[in-house]
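Data first, discussion second: the structure below is written as structure tokens.
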Amino acid sequence: MTEQQKKILIVEDDMHIVKIYEIIFAKEGYQTVFAVTGDEAIEKVVSEKPDIVILDLMLPGKDGFFFLEEIKKITSTIKIPVIVLSNLGQKIDIDRAIRLGADEYMIKVNHSMKDVLGSVKNCLQAV
Amino acid sequence: MKTSTSFIEKIFSPYALIALNIVIVLICEFLGGGTYMAETGFVHAIAVVFVGLIIIRIFSDYAFSDYILRGFLKIQLTFFLFLGFVHIYEYFAEHVFIMREDVVQLTVMASYFVWLISIFLALGFVFRIYYKKSPAVMALLWAIFALCIVGLIAPSVSDAVVAWFPLWFPKLILTGIVVVGILGIWALKKLAVIMPVFREYSYYAIPATIFLVLASFSEYYESVGVSHLIGASEFQGLYISHYTIYICLSLLLVGFGKLKKPKGIYEEM
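Chains A and B, in that order, give the protein sequences.
Just so we're aligned, residue 14 is where the first sequence starts under my numbering, counting upward by one.
Just so we're aligned, residue 52 is where the second sequence starts under my numbering, counting upward by one.
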């Protein structure tokens, strides 16, 4: 499988952002799957086996922290890199996400889509 | 379409709103020897301009559809419209329905208090999800809010209700506005730290809250006739209370604009 065909699970409840992700990642040749809640994300990460996850933290129902905790308990998903892209900006939240296994933490208002794309590429290269 | 959108956005620039406020001040101070706007009640009716601008803000396209940000926005914009309508109410109450002046001023002050409570309702929506608090806190806030609304409407409906209020009641509302205003500023600062998407909004919402508190003071002192004590004309108290509230509304209009197009990934929407 080439890098261009890799699969990204996007966990995001903001449909505007989801649409942008869909366009940008499709243009780069990535396959994308989406989940809106933490519970749905757990199901998708197991069933879809993505190469990388982009995760929002504040979600309806179970949140992104719950997702991080859960995927580190499942053998088949433990090594999947996770980039957090959230509106939460407190150090306490950043530290918690990193401690729970996030590979990178990005704040939505501080980063562009280009930054997100760059991080996805870097993470996939590092795997 | 894009041209008309950018034209509308120019109306919401800080410069355009500063110009609007200067025009309001100049018209009030100089038209008809500085008494026309007060005597006709048009100083209240100016609020209709702001109501129009608020409605445009309500129907603006916001860059996000995140359920938390949307929830915050819906609550805030609904009550923002309410805040805009307060002075239209004042115009009709004083110049069309000829209601008691003290009742009208009390209602206006209570309306400011309701706006401040609404900040907590909107913030409570975000904080409840963030801190995973039980819905009981929100239920309590809504209960206080419902009580305020009843207190707001009742005096306008019956004079008997007004007679029941003790003389210190306006002072109690003023104290409540100061306390809730301070707490509101603290909560807005906290929100900007928790969620940086609200940072720029808070830069405008915090001074707007300060101006709202100042407007409440000038409304209160206008009702007790302090302008006579400082040797100013009776109209000046009325004008100052309106200038402050129009500045408050202007700041909020710019603030909501910052949520319309936040930075970062939202710039690409």
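Heads up, the beta-carbon is just placed ideally off N, CA and C, and yes, glycines get one too.
Fair warning: this is a prediction, and the values are worked out from it, not measured in the lab.
Cutoff 8 Å; reference residue i; Cβ partners in own chain excluding five residues on either side
i	result
Glu145 (chain B)	Gly92, His95, Glu152, Val155
Tyr139 (chain B)	In the sequence as presented, Tyr is not what sits at residue 139 (chain B); that position holds Ile. For Ile139 (chain B), where only same-chain residues beyond five positions count, the Cβ hits under 8 Å are His95, Ala96, Ala98, Val99, Val102.
Phe176 (chain B)	Ile119, Gly122, Phe123, Ile126, Met189
Span separating the alpha-carbon of residue i from that of residue j
i	j	result
Phe81 (chain B)	Ile233 (chain B)	35 Å
Val99 (chain B)	Ile236 (chain B)	27 Å
Glu25 (chain A)	Ile180 (chain B)	16 Å
Phe216 (chain B)	Met119 (chain A)	54 Å
Ala214 (chain B)	Glu141 (chain B)	20 Å
Val140 (chain A)	Leu304 (chain B)	47 Å
Pro258 (chain B)	Lys20 (chain A)	47 Å
Glu53 (chain A)	Leu70 (chain A)	14 Å
Ile23 (chain A)	Gly308 (chain B)	28 Å
Ile67 (chain A)	Leu174 (chain B)	27 Å
Leu167 (chain B)	Val58 (chain A)	43 Å
Asn123 (chain A)	Gly131 (chain A)	14 Å
Phe268 (chain B)	Ala70 (chain B)	25 Å
Cys136 (chain A)	Phe178 (chain B)	32 Å
Asn100 (chain A)	Leu242 (chain B)	11 Å
Leu81 (chain A)	Val95 (chain A)	8 Å
Lys105 (chain A)	Leu113 (chain A)	For the sequence presented, residue 105 (chain A) should be read as Ile rather than Lys. The straight-line gap from Cα to Cα measures roughly 12 Å.
Asp117 (chain B)	Tyr254 (chain B)	22 Å
Gly85 (chain B)	Phe133 (chain B)	29 Å
Ser301 (chain B)	Leu68 (chain B)	6 Å
Ser57 (chain B)	Val97 (chain A)	33 Å
Glu270 (chain B)	Ala89 (chain B)	14 Å
Trp193 (chain B)	Ala161 (chain B)	16 Å
Lys134 (chain A)	Val244 (chain B)	30 Å
Leu191 (chain B)	Leu203 (chain B)	18 Å
Gly102 (chain A)	Glu285 (chain B)	49 Å
Leu104 (chain B)	Ser185 (chain B)	36 Å
Span of the beta strand (DSSP E), counted from its first residue to its last, around residue i
i	result
Glu117 (chain A)	117-120
Ala48 (chain A)	44-48
Lys20 (chain A)	20-24
Ser99 (chain A)	95-99
Val140 (chain A)	Taken as a continuous stretch (DSSP letters only), Val140 (chain A) belongs to no beta strand (DSSP E), as it is neither H nor E.
Val66 (chain A)	65-68
Proximal residues to residue i (C-beta, below 6 Å), its chain only, five neighbours per side dropped
i	result
Leu128 (chain B)	Ile109
Leu62 (chain B)	A small correction: the amino acid at residue 62 (chain B) is Ile; Leu does not occupy that position in the sequence shown. For Ile62 (chain B), where only same-chain residues beyond five positions count, there are no Cβ hits under 6 Å.
Ile261 (chain B)	none
Ile91 (chain A)	Lys85
Ala238 (chain B)	Leu174
Leu72 (chain A)	Asp26, Thr50, Gly51
Gly306 (chain B)	Tyr252, Tyr255, Ala256
Met150 (chain B)	Ala144
Ala48 (chain A)	Val24, Ala54, Lys57
Proximal residues to residue i (C-beta, below 7 Å), its chain only, five neighbours per side dropped
i	result
Phe164 (chain B)	Cys199, Ile224, Gly227, Ile228, Val231
Ile107 (chain B)	Ile59
Lys183 (chain B)	none
Tyr113 (chain B)	Leu124, Leu310, Lys311
Val76 (chain B)	Tyr294
Met320 (chain B)	Ala114
Tyr66 (chain B)	none
Start and end residues, alpha helix (DSSP H) containing residue i
i	result
Val229 (chain B)	220-245
Gly308 (chain B)	285-311
Glu338 (chain B)	Outside the displayed range of chain B (52 to 320) lies residue 338 (chain B), so it cannot be described from this structure.
Val59 (chain A)	51-61
Ile37 (chain A)	28-40
Asn72 (chain B)	65-81
Met88 (chain B)	87-91
Gly77 (chain A)	77-84
Leu113 (chain A)	That residue, Leu113 (chain A), is in no alpha helix (DSSP H); it is neither H nor E in DSSP.
Val248 (chain B)	No alpha helix (DSSP H) contains Val248 (chain B), which DSSP labels as neither H nor E.
Gly103 (chain B)	98-109
Quick check on the DSSP output: what are the complete alpha helix (DSSP H) runs of length 4 or more inside the stretch 127-195 of chain B, in order along the chain? Unbroken alpha helix (DSSP H) stretches of 4 residues or longer found wholly inside the stretch 127-195 of chain B: 152-182, given in chain order.
Report yes or no: do three or more beta-carbon pairs, one from the stretch 27-41 of chain A and one from the stretch 70-78 of chain A, lie closer than 8 Å? No contact exists between the stretch 27-41 of chain A and the stretch 70-78 of chain A.
Report yes or no: do the stretch 288-302 of chain B and the stretch 237-252 of chain B share at least 3 C-beta pairs separated by less than 8 Å? Short answer: they don't touch.
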